[in-house]
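One structure is given here, and the rest of the page talks about it.
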Amino acid sequence: MIVAALAFTMTGCGSSTAISVSELTAESKPAPQYTIDANQEVYALLDFEDTAEFENAIKGLLASPDTLDICDENGKVVWSQ
Numbered sequence: 008m009i010v011a012a013l014a015f016t017m018t019g020c021g022s023s024t025a026i027s028v029s030e031l032t033a034e035s036k037p038a039p040q041y042t043i044d045a046n047q048e049v050y051a052l053l054d055f056e057d058t059a060e061f062e063n064a065i066k067g068l069l070a071s072p073d074t075l076d077i078c079d080e081n082g083k084v085v086w087s088q
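Numbering-wise, the sequence shown is residues 8 to 88 according to our numbering.
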């Protein structure tokens, strides 16, 4: 059902690229050079030594769970962080 929804979304949003069910796999593929170059350009713009935004994000945070599992009504984990 999810595969059908994804295929419908890709074709229904004006995209001319239709995805067949056989193309949707869990196998990872290497990024094309264009994506690698674009990611490197963005990475060069970011200052990872500056932790101010991280500190602001956690300021005042009382607690957070180490893990977060969401279960269905039968207790089966349907999402895990």
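Quick reminder that beta carbons are idealized off the backbone N, C-alpha and C, glycines included.
With a threshold of 8 Å on Cβ separation, who are the neighbours of Val85 within its own chain once the five nearest residues in sequence on each side are excluded?
Ile77, Cys78 and Asp79
Kindly list the residues whose CB is nearer than 8 Å to the CB of Thr74, restricted to its own chain and excluding five residues on each side of it in sequence; keep chain order.
Ser87 and Gln88
Run through DSSP, which three-state label would Asp44 get?
helix
Over what stretch of residues does the beta strand (DSSP E) that includes Asp76 continue unbroken?
Asp76 to Cys78
Ends of the beta strand (DSSP E) at Ser35?
Segment: none, Ser35 is in no beta strand (DSSP E) and carries neither H nor E.
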